[in-house]
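Residue numbers (the numbering used here): 837 to 1014.
Even for Gly, the Cβ is constructed at its ideal location relative to N, Cα and C.
Bear in mind that the values here come from a model prediction, so they are computed numbers and not experimental data.
Below is one structure, written out as C-alpha coordinates; the observations come after it.
This is the structure we're talking about:
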(Lines of atoms letter the chains of each structure in order from A and count residues from 1; the text may use other names and numbers.)
(Lines give C-alpha, C1' and ligand atoms only; values in the text may rest on other atoms or scores of the structure.)
Protein backbone atom coordinates (compact mmCIF):
# COMPACT_ATOMS: atom_id res chain seq x y z
CA UNK A 1 0.00 0.00 0.00
CA UNK A 2 1.42 3.37 -1.01
CA UNK A 3 -0.03 6.28 0.90
CA UNK A 4 -0.35 9.84 -0.26
CA UNK A 5 1.60 12.51 1.59
CA UNK A 6 0.50 12.87 5.19
CA UNK A 7 -1.49 15.65 6.78
CA UNK A 8 -2.77 18.02 7.63
CA UNK A 9 -3.77 16.65 11.03
CA UNK A 10 -6.06 18.19 13.64
CA UNK A 11 -7.22 17.14 17.10
CA UNK A 12 -10.53 15.21 16.79
CA UNK A 13 -12.63 16.84 19.53
CA UNK A 14 -13.52 20.47 20.19
CA UNK A 15 -14.00 21.80 23.70
CA UNK A 16 -12.55 20.77 27.02
CA UNK A 17 -11.44 17.15 27.02
CA UNK A 18 -8.96 14.70 28.47
CA UNK A 19 -7.59 11.27 27.60
CA UNK A 20 -5.25 8.74 29.14
CA UNK A 21 -2.17 7.08 27.69
CA UNK A 22 -3.81 3.71 28.32
CA UNK A 23 -7.05 1.87 27.60
CA UNK A 24 -8.62 -1.15 29.27
CA UNK A 25 -7.67 -4.07 26.98
CA UNK A 26 -6.60 -2.92 23.51
CA UNK A 27 -4.92 0.13 21.93
CA UNK A 28 -7.40 3.03 21.77
CA UNK A 29 -8.12 6.31 23.53
CA UNK A 30 -11.28 7.49 25.24
CA UNK A 31 -11.49 11.26 24.82
CA UNK A 32 -13.59 12.33 27.80
CA UNK A 33 -15.63 15.42 26.98
CA UNK A 34 -19.09 16.91 27.37
CA UNK A 35 -21.96 15.53 25.31
CA UNK A 36 -22.62 17.60 22.20
CA UNK A 37 -19.06 18.72 21.52
CA UNK A 38 -17.90 18.56 17.91
CA UNK A 39 -16.09 15.46 16.59
CA UNK A 40 -14.08 16.20 13.43
CA UNK A 41 -12.07 14.43 10.75
CA UNK A 42 -8.44 14.35 11.90
CA UNK A 43 -7.18 14.52 8.31
CA UNK A 44 -8.37 14.66 4.72
CA UNK A 45 -9.94 11.41 3.55
CA UNK A 46 -13.07 9.43 2.71
CA UNK A 47 -15.80 8.16 5.02
CA UNK A 48 -15.89 4.35 4.82
CA UNK A 49 -18.31 3.49 7.61
CA UNK A 50 -21.14 5.03 9.58
CA UNK A 51 -23.45 3.51 12.14
CA UNK A 52 -26.45 5.81 12.49
CA UNK A 53 -28.61 3.60 14.73
CA UNK A 54 -27.67 2.60 18.28
CA UNK A 55 -28.42 -1.15 18.44
CA UNK A 56 -26.40 -1.99 21.55
CA UNK A 57 -28.17 -3.75 24.42
CA UNK A 58 -26.60 -4.93 27.66
CA UNK A 59 -28.35 -8.29 27.34
CA UNK A 60 -26.83 -9.12 23.94
CA UNK A 61 -23.59 -7.10 24.39
CA UNK A 62 -22.43 -7.73 20.82
CA UNK A 63 -19.00 -6.34 19.91
CA UNK A 64 -20.03 -4.72 16.62
CA UNK A 65 -22.78 -2.72 18.40
CA UNK A 66 -20.79 -1.50 21.42
CA UNK A 67 -19.69 1.71 19.70
CA UNK A 68 -23.21 3.02 19.19
CA UNK A 69 -23.30 5.84 16.65
CA UNK A 70 -19.92 5.88 14.94
CA UNK A 71 -17.90 7.05 11.94
CA UNK A 72 -14.71 5.77 10.30
CA UNK A 73 -12.66 7.48 7.62
CA UNK A 74 -9.61 6.37 5.67
CA UNK A 75 -7.25 9.30 5.51
CA UNK A 76 -5.26 10.19 2.43
CA UNK A 77 -2.37 8.73 4.45
CA UNK A 78 -3.96 5.23 4.13
CA UNK A 79 -4.88 5.02 7.84
CA UNK A 80 -8.36 4.35 9.25
CA UNK A 81 -9.56 6.72 11.99
CA UNK A 82 -12.62 5.68 14.01
CA UNK A 83 -14.79 7.55 16.50
CA UNK A 84 -17.72 6.07 18.40
CA UNK A 85 -20.30 6.72 21.16
CA UNK A 86 -21.48 9.79 19.23
CA UNK A 87 -24.87 11.40 19.89
CA UNK A 88 -25.34 12.32 16.22
CA UNK A 89 -23.73 11.86 12.81
CA UNK A 90 -23.61 15.07 10.78
CA UNK A 91 -25.93 15.39 7.76
CA UNK A 92 -24.16 14.37 4.56
CA UNK A 93 -21.65 12.13 6.34
CA UNK A 94 -22.00 8.68 4.79
CA UNK A 95 -19.74 6.10 3.14
CA UNK A 96 -18.04 7.60 0.10
CA UNK A 97 -18.20 11.19 1.36
CA UNK A 98 -14.93 13.08 0.92
CA UNK A 99 -13.97 15.03 4.07
CA UNK A 100 -11.33 17.58 4.96
CA UNK A 101 -9.31 17.85 8.16
CA UNK A 102 -11.42 19.66 10.73
CA UNK A 103 -14.75 18.91 9.02
CA UNK A 104 -17.51 18.01 11.48
CA UNK A 105 -18.39 14.30 11.45
CA UNK A 106 -20.73 14.29 14.43
CA UNK A 107 -21.38 15.26 18.03
CA UNK A 108 -19.94 13.59 21.10
CA UNK A 109 -22.28 11.46 23.16
CA UNK A 110 -22.80 8.26 25.10
CA UNK A 111 -24.44 5.78 22.72
CA UNK A 112 -23.53 2.11 22.75
CA UNK A 113 -21.81 0.50 25.71
CA UNK A 114 -20.96 3.53 27.85
CA UNK A 115 -22.40 5.66 30.60
CA UNK A 116 -20.16 8.73 30.23
CA UNK A 117 -19.93 11.22 27.38
CA UNK A 118 -16.78 10.62 25.37
CA UNK A 119 -15.41 9.63 21.98
CA UNK A 120 -13.75 6.25 21.67
CA UNK A 121 -10.95 6.94 19.17
CA UNK A 122 -9.18 4.15 17.31
CA UNK A 123 -6.43 4.10 14.68
CA UNK A 124 -6.07 1.02 12.45
CA UNK A 125 -5.40 -0.20 8.92
CA UNK A 126 -8.45 -0.06 6.62
CA UNK A 127 -8.70 -3.88 6.38
CA UNK A 128 -12.35 -4.75 5.61
CA UNK A 129 -13.16 -1.15 4.67
CA UNK A 130 -15.14 -0.55 7.83
CA UNK A 131 -16.85 -3.88 8.47
CA UNK A 132 -14.15 -5.33 10.77
CA UNK A 133 -15.21 -3.98 14.17
CA UNK A 134 -12.48 -5.82 16.07
CA UNK A 135 -9.61 -4.12 14.20
CA UNK A 136 -11.50 -0.87 13.62
CA UNK A 137 -11.80 -0.15 17.35
CA UNK A 138 -8.00 0.30 17.56
CA UNK A 139 -4.74 -1.39 16.49
CA UNK A 140 -2.10 1.11 17.69
CA UNK A 141 -1.99 3.55 20.60
CA UNK A 142 -3.49 6.90 19.50
CA UNK A 143 -2.09 9.02 22.34
CA UNK A 144 1.27 9.91 20.72
CA UNK A 145 -0.63 11.28 17.71
CA UNK A 146 -3.27 12.99 19.85
CA UNK A 147 -0.50 14.64 21.89
CA UNK A 148 1.03 15.96 18.65
CA UNK A 149 -2.22 17.13 17.06
CA UNK A 150 -3.42 18.83 20.26
CA UNK A 151 -0.45 21.22 20.04
CA UNK A 152 -0.65 21.75 16.26
CA UNK A 153 1.89 19.04 15.42
CA UNK A 154 1.65 16.92 12.30
CA UNK A 155 2.76 13.47 13.47
CA UNK A 156 1.52 10.75 11.09
CA UNK A 157 0.44 7.24 12.09
CA UNK A 158 1.04 5.90 8.56
CA UNK A 159 4.44 4.28 9.22
CA UNK A 160 3.31 2.61 12.46
CA UNK A 161 0.14 1.31 10.79
CA UNK A 162 2.16 -0.02 7.85
CA UNK A 163 4.45 -1.89 10.27
CA UNK A 164 1.45 -3.21 12.25
CA UNK A 165 -0.28 -4.44 9.10
CA UNK A 166 2.89 -6.13 7.76
CA UNK A 167 3.16 -8.04 11.05
CA UNK A 168 -0.54 -8.78 11.69
CA UNK A 169 -2.28 -8.60 8.31
CA UNK A 170 -6.04 -8.24 8.28
CA UNK A 171 -8.42 -10.80 9.78
CA UNK A 172 -9.52 -13.41 7.25
CA UNK A 173 -12.84 -13.86 9.05
CA UNK A 174 -15.00 -11.82 11.37
CA UNK A 175 -13.69 -11.71 14.92
CA UNK A 176 -15.86 -12.61 17.87
CA UNK A 177 -15.50 -11.45 21.42
CA UNK A 178 -12.57 -13.04 23.24
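Beta-bridge pairing of residue i - partner residues as DSSP gives them
| i | result |
| --- | --- |
| residue 954 | 868, 945 |
| residue 920 | 906, 956 |
| residue 934 | 882 |
| residue 911 | 881 |
| residue 875 | 849, 942 |
| residue 854 | 868 |
| residue 976 | 959 |
Separation of residue j from residue i, as counted between CA atoms
| i | j | result |
| --- | --- | --- |
| residue 912 | residue 940 | 17 Å |
| residue 973 | residue 989 | 24 Å |
| residue 852 | residue 875 | 12 Å |
Check whether residue i and residue j have beta carbons under 9 Å apart
| i | j | result |
| --- | --- | --- |
| residue 872 | residue 944 | yes |
| residue 963 | residue 916 | yes |
| residue 884 | residue 909 | yes |
| residue 969 | residue 857 | no |
Cβ-Cβ separation, residue j to residue i (assumed contact under 8 Å), whole Å
| i | j | result |
| --- | --- | --- |
| residue 961 | residue 975 | 7 Å |
| residue 906 | residue 920 | 4 Å |
| residue 914 | residue 994 | 6 Å |
| query | Is the region 844 to 855 close to the region 976 to 984, with three or more CB pairs under 8 Å? | reply | yes
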